[in-house]
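Position in the sequence shown (first residue = 1) + 517 = this note's numbering. Built from N, CA and C at the ideal position, the CB exists for glycine as well. No experiment lies behind these values; they were computed from the predicted model shown.
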Amino acid sequence: MAEKESHIETSMEETKKYSPPEEFKKKANMNDPGIYKYAEENYEEFWAGHAENLEWYKKWDKVLDWENPPFAKWFVNGKINASYNCIDRHIKDGKGDKVALIWEGEPIDESTKYTFNELKEEVCKFANGLKELGVGKGDVVTFYLPMVPELAIGLLACARIGAPHSVVFGGFSPTALADRVHDSESKVLVTADGYYRRGKKLNMWENALESLESTPTVEKVVIVDRMGRKDLELDDSRDVYYHKLVAEQSTECEPEQMDAEDMLFLMYTSGTTGKPKGVLHTTGGYLTGTMTTFKWVFDIKDEDIYWCTADIGWITGHSYLVYGPLANGTTTIMFEGSPDYPDKDRFWKIVEKYKVTVLYTAPTAIRLFMKWGREYPDRCDLSTLRLLGSVGEPINPKAWEWYHKVIGDSRCPIVDTWWQTETGMILITPLPGITDLKPGSATRPFPGIQADIFDAGGSPLEPNQGGYLVLKRPWPSMLRTLYKNPERFKKTYWSEYGINIYFAGDGARKDEDGYFWVVGRIDDVLNVAGHRLSTMEMESALVDHPAVAEAAVVGRPDDLKGHVPVAYVILEGGRTGSDELAKELIGHVGKIIGPIGRPAGVYFSEDLPKTRSGKIMRRILKRLEAGEEPGDTSTLRNPEIVEELKNRVQ
Ligand code: WT7
């Protein structure tokens, strides 16, 4: 243990050599508490200063309107276009020939680069194509695509014409897609004929077609020809190929002047009930927040080659693959494939090939690389890397050290960034060169952000006491509401401690240095390999099967994925469990939610631990799965079942 700690201290010394972003030097004495103090005391002015870095058609009248919490307005009456700011602004600054987007396909010999000039042309063509299909300001467009360039282009095309996008992760099932299309009332769906996964050709069109059966709002479907399939039966009045749609379009498209508070996009995420929540982000604040945090957290320089490994189907891909980097004019990489295809060195081959300087990935991936061994990264030249990022779940110190030592050659600082789909931008994070790192801690709130740990009653806790993570002040890229559901928005995030306090749903503690240590979700949400899944959603999928009477899903700690879902199932009268039925149920959940929702195991049981009022005590099942003692069972109606299950689980 002692040895380990000394290693970490030495590496901390190394990381301190990094010089902080220029902006720090201007605004503060460089060292803490300089910039933090300034932002703390002048947080509206602080954010307004950053918003000034964007180009506005009309400046705001007021930085923040927080008169009617929890409904915030940032940059009130400001007019802006996100697509213009991510592309045209840089062309105007003379960066038209700089590479904006690098796309690396799954097949090893397939890749493309787009300069800002080229990106503008593609974005304008698609924007004009969407207009031709009748898409206008305020019309939500749903994307159900693999990681193809058309996805990044599509986001910016939508932003250009003021049509909010709603991206549904390509691994979701037809049912999940249909639910999201339905809720957003999209008239246009953009999808593909298929995609590659580890060399195999997989269908996508069939999934899209299946969901179209129950989504009557969809009038037009745009299909990206990824696989060159010739067997698609198209409905000519509805379906059009992307390449045909854009072929004759103009490469100019005047950006729509959007209000700062106009919706930029919806991102559906799992909540504690079965129905996914449409997290709504707006234009001016979101772009200000993602641009600023991207620049500061990754200490971005003009020559950086930045790679975020997340899929654009998640918020990380939106904020830190597309909007954050492009708002800064940074070269951003998009990778279609998997880390182990054609071999387990693919990530490192990409770093070598493009001379990546900043890499942003997830602890679940790092743990996988650790398992595969250092021979794979050691084959490649990783000397261009200067900074490493982590996101999605707490990074365990062992993985942190491996990442630091093996990938970062003990040179590169690691920024462990805490945030959520709802927060839009990174909120708790080190600033390279400024914050001393502690492996496993996301360290401190970003300047201007007020985070704290509350107990159940709403009192701030003393250092090192575990409690609930809260945010005490609005920030520009916060979600504005849940689409068509302001009541759920209030109830989920702003009712635990009063209408001014954002309840993040995470358990955490703050140490004696004010560093935050996030433990994980405290609600019925699972974090599986950095993806958020609702146990309720899985339970409804199970109960949907005719053999199932009742079900409870809980997370089991897993070395690679953080947690995996396991299902406890009570069968309909008279039925008995079998391996076959277990497989069938796993497949059934996978079909309803998508492959990421498949339970790792199914237990059949006569009964489950329940309160006297009949509520399943998931907390007890969770403890059993973690190998812990079940705790107090005296309030249960059926305490004897706990012993029985305990014997079975262990
Ligand atoms: C939840 C949000 C935001 C990008 C990806 C996930 C967990 C995220 C960290 C971190 C500890 C983290 C939290 C959070 N989480 N980053 N650095 N340390 N936990 O987005 O699907 O909205 O999930 O991910 O539990 O609430 P998401």
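- Distances from the CB of His1048 to the heavy atoms of ligand 1 include at least one below 8 Å.
- In the DSSP assignment, Ile943 falls outside any beta strand (DSSP E) and carries neither an H nor an E.
- Of all alpha-carbon atoms in Ile966, Ile608, Asp860, the one lying nearest the alpha-carbon of Tyr555 is that of Ile966.
- Under the three-state reduction of DSSP output, Glu918 falls in the helix class.
- In the assembly as shown, Gly716 is an exposed residue. Its beta-carbon has fewer than 16 other beta-carbons within 10 Å.
- In this structure, the CA atom of Glu769 is about 35 Å from the CA atom of Glu562.
- The stretch 773-782 makes no contact with the stretch 858-871, as fewer than three CB pairs between them are under 8 Å.
- Under the 10 Å beta carbon count, Asn585 is surrounded by fewer than 16 other beta carbons and is classified as exposed.
- Within the model, the alpha-carbon separation for Ile943 versus Pro1074 is close to 25 Å.
- Taking a C-beta distance under 9 Å as the contact criterion, Leu996 and Gly941 qualify as a contact pair.
- Contact between Thr629 and Leu662 is ruled out by a C-beta separation of about 16 Å, above the 8 Å threshold.
- Bridge pairing for Leu999: Val796 [DSSP].
- The C-beta distance from Leu999 to Leu797 rounds to 7 Å, short enough to fall under 8 Å.
- When secondary structure is reduced to three states using DSSP, Ala879 falls in the coil class, being assigned neither helix nor strand.
- For ligand 1, no non-hydrogen atom lies closer than 8 Å to the CB of Ser1051.
- Spatial neighbours of Arg884 in its own chain (CB-CB distance under 6 Å, excluding positions within 5 residues in sequence) are listed in chain order as Ala916, Leu1077.
- Per DSSP, Trp992 lies in no beta strand (DSSP E) segment and is marked neither H nor E.
- Going by C-alpha positions, Met1134 is about 22 Å away from Val1106.
- Annotation: the continuous beta strand (DSSP E) that includes Lys717 extends over 717-720.
- In this structure, Leu781 places its C-beta atom within 9 Å of the C-beta atom of Ala676.
- Residues Pro911, Ile912, Asn913, Pro914, Trp917, Asp933, Trp1034 of the same chain have their beta carbon placed closer than 8 Å to that of Gly957, with the five preceding and five following residues left out of the count.
- With a threshold of 8 Å, the Cβ atom of Val908 counts as near ligand 1, since some heavy atom of the ligand is closer than that.
- The C-alpha of Thr960 lies about 47 Å from the C-alpha of Leu650.
- In the three-state reduction of the DSSP assignment, Asn598 falls in the coil class.
- Annotation for Trp1011 indicates a beta carbon at 8 Å or more from all heavy atoms of ligand 1.
- Asn1002 and Pro991 have their C-alpha atoms some 20 Å from each other.
- In this chain, the beta strand (DSSP E) harbouring Val738 covers 737-741.
- For the 9 Å CB-CB criterion, Thr1052 and Asp1041 form a contact.
- Contact annotation: the stretch 1077-1095 touches the stretch 1109-1127, with at least three C-beta pairs closer than 8 Å.
- Taking the CA atoms as reference points, Ile1103 sits about 21 Å from Ser728.
- Pairing Pro894 with Asp821, the inter-Cα distance amounts to about 21 Å.
- The nearest non-hydrogen atom of ligand 1 is less than 8 Å from the C-beta of Asp1023.
- Look at the stretch 1037-1100 and you find these whole runs of alpha helix (DSSP H), each 4 residues long or longer: 1052-1060.
- Taking Pro949 as reference, the option from Gly1024, Glu1029, Val875, Gly1022 with the minimal CA-CA separation is Val875.
- The stretch 823-833 and the stretch 592-612 do not touch, with fewer than 3 CB-CB distances between them shorter than 8 Å.
- For the pair of segments examined, the stretch 811-819 was found not to touch the stretch 1013-1033: the number of CB pairs separated by less than 8 Å stays below three.
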